[in-house]
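Colleague:
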Amino acid sequence: MIFKCVAFKPILPVEWNKAAVGLSTGLDYIGQCFATTDELATVCEAMQPYGGIYVTHVRYKSGLMKAVREAVEIGRRAGVPVHISHLKAATSEAVDEMLEYIDKSARHEVDFSFDVYPYQPGSTMLSYLLPYDFWVDGPLAAMGKLADPKLRRRFRDGLRAYRLHLDRITIAWLPGEENRRHLGSTLADYVAQSGQHEEDALCNLLIEERLAVLCVMNEGDDELVRPFLQHDLFMMGSDGIYHPESKVHPRVCGSAPRLLGPCVRDWRLFSLEEAVAKMTSKPARRFGIRERGELKEGYFADLAIFDPHTVADQATYESPLLPPVGIHHVFVNGQPIVEAGEPIHTSGSHHPGRYLRFQDGKFS
């Protein structure tokens, strides 16, 4: 079984005086999609004495409620906290059902939390849409299977059964120069331009780009995600995948300013103080990150100075890398990286950011 480490969500201890352990899984993706509930519960049991936390991108393909229930069962059996990555639902009825389950069951069975980015549309690799069978022998073997007519027909059937039509999925990034002209095009448009059947066009594209095709999925109106943002167990995670000169999801550049600005001023989902806490102190405490996430003497000076009346996201699906407005100064570990709204260019070994390593009872 292969486990996924997610760089933007540190997997660290809940109790600061214990060893730094945790498990992050992506159960809709290669390797981990074959892990059973029993296997995952057994693995999580090993970290229980050390205050570990189970963080999971659940099996959304199996159905949202079933997937989240499995995560809670794993945490309950192992005796560890559970955190759900980028939780969302496809309909208002599913939103209500999930929130009712969280409040009446999940939070009482385990120490439960979740993160969300403030957009309903999502983003993932095109290979996510392949049947699990493609991955049985690993990613290198999958390249050969993409040419198998029988598996291509299964891929076609899966595409037609998927809840989103190809005209609601756009190509966000790929490594090859020849196909860059298709950035921003829907998969439906790409298939039409290719003159091939949809399964052939998309499998050939995956072969040409060696599986590295990133997509953005238009999954509906942003209002669907707002009840999750308001929940007391929510904390903000951008789930951002950045590539320059691309059409990536606007959540990369827009999540933080959207939460601080429109979510507070325009949609009145929560107070500014609550918005800040959902992005800073709350996740720092959840994942046991010492001396960060709050303004206190002796803490690391990670600061963003913004105007609450103007802070907002500018990033759109057409121009996803537009920077926010209303953020005037940013400091990382006490070093300025943005002054008067403009980034400060650094070079060499003087970048102030650092990864966090747990050693001798503290992070350094």
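According to the working numbering, the sequence shown is numbered sequentially starting from 710. Note that the Cβ used here is the ideal one computed from N, Cα and C, for glycine as well.
1) Please return the same chain residues whose Cβ sits closer than 8 Å to the Cβ of Gly-885, not counting the five positions on each side in sequence.
2) Could you tell me the distance, in whole angstroms, from the CA atom of Leu-933 to the CA atom of Asp-805?
3) Please report the distance separating the alpha-carbon of Leu-873 from that of Ala-750.
4) In whole angstroms, give me the CA-to-CA distance for Met-756 and Leu-920.
5) Would Val-819 and Leu-796 qualify as a contact pair, given that the criterion is a beta-carbon distance under 7 Å?
6) Evaluate contact between the segment 942 to 951 and the segment 892 to 911, counting only Cβ atoms and requiring at least three cross-stretch pairs below 8 Å.
7) Reducing DSSP to helix, strand and coil, say where Gly-1062 ends up.
8) Just curious, the alpha helix (DSSP H) that Tyr-763 is in, first and last residue?
9) Where does Leu-873 fall in DSSP's three states?
10) At the level of alpha carbons, what is the spacing between Thr-1055 and Leu-773?
11) Have a look at Pro-1061 and Ser-903 and give me their C-alpha separation to the nearest angstrom.
12) One question on the structure: do Leu-978 and Cys-972 come within less than 7 Å of each other, judged by their Cβ atoms?
13) With DSSP collapsed to three states, give me the class of Val-1039.
14) Could you give the distance in angstroms between the alpha-carbon of Ile-1053 and the alpha-carbon of Ile-1036?
15) Consult DSSP for Gly-735 and reduce its assignment to one of helix, strand or coil.
Modeller: To lay it out plainly:
1) To locate residue 885, count along the sequence shown from 1; it is residue 176. Here the set comprises Glu-917, Glu-918.
2) Looking up residue 933 in the sequence shown gives position 224. Looking up residue 805 in the sequence shown gives position 96. Straight-line Cα distance between these residues: approximately 10 Å.
3) For the purposes of this step, residue 873 is taken as residue 164 along the sequence shown, with counting starting at 1. For the purposes of this step, residue 750 is taken as residue 41 along the sequence shown, with counting starting at 1. Roughly 32 Å between the two C-alpha positions.
4) Counted from its first residue, the sequence shown places residue 756 at position 47. Counted from its first residue, the sequence shown places residue 920 at position 211. If I take the Cα positions, the gap works out to 34 Å.
5) Residue numbering aside, residue 819 sits at position 110 when the sequence shown is read from its first letter. Residue numbering aside, residue 796 sits at position 87 when the sequence shown is read from its first letter. Contact: no.
6) no
7) Stepping through the sequence shown from its first residue, residue 1062 is reached at position 353. Shown here, Gly-1062 sits in coil according to DSSP, grouped into three states, outside any helix or strand.
8) Counting from one through the sequence shown, the residue named residue 763 turns up at place 54. Careful: Tyr-763 lies outside any alpha helix (DSSP H), inside the beta strand (DSSP E) at 763 to 766.
9) By 1-based counting over the sequence shown, the position of residue 873 is 164. If DSSP states are grouped into helix, strand and coil, Leu-873 belongs with coil.
10) Position 346 of the sequence shown, counted from the first residue, corresponds to residue 1055. Position 64 of the sequence shown, counted from the first residue, corresponds to residue 773. For Thr-1055 and Leu-773, the distance between alpha carbons rounds to 43 Å.
11) In the sequence shown, residue 1061 corresponds to position 352, counting from 1. In the sequence shown, residue 903 corresponds to position 194, counting from 1. Computed Cα separation, rounded: 46 Å.
12) Within the sequence shown, numbered from 1, the residue matching residue 978 stands at position 269. Within the sequence shown, numbered from 1, the residue matching residue 972 stands at position 263. Yes. Within cutoff.
13) Along the sequence shown, one-based indexing puts residue 1039 at 330. Residue state, collapsed to three classes: strand.
14) Counting from one through the sequence shown, the residue named residue 1053 turns up at place 344. Counting from one through the sequence shown, the residue named residue 1036 turns up at place 327. Note on geometry: alpha-carbon atoms of Ile-1053 and Ile-1036 lie some 14 Å from one another.
15) Within the sequence shown, the letter at position 26 stands for residue 735. In the three-state DSSP reduction, Gly-735 falls in the strand class (E or B).
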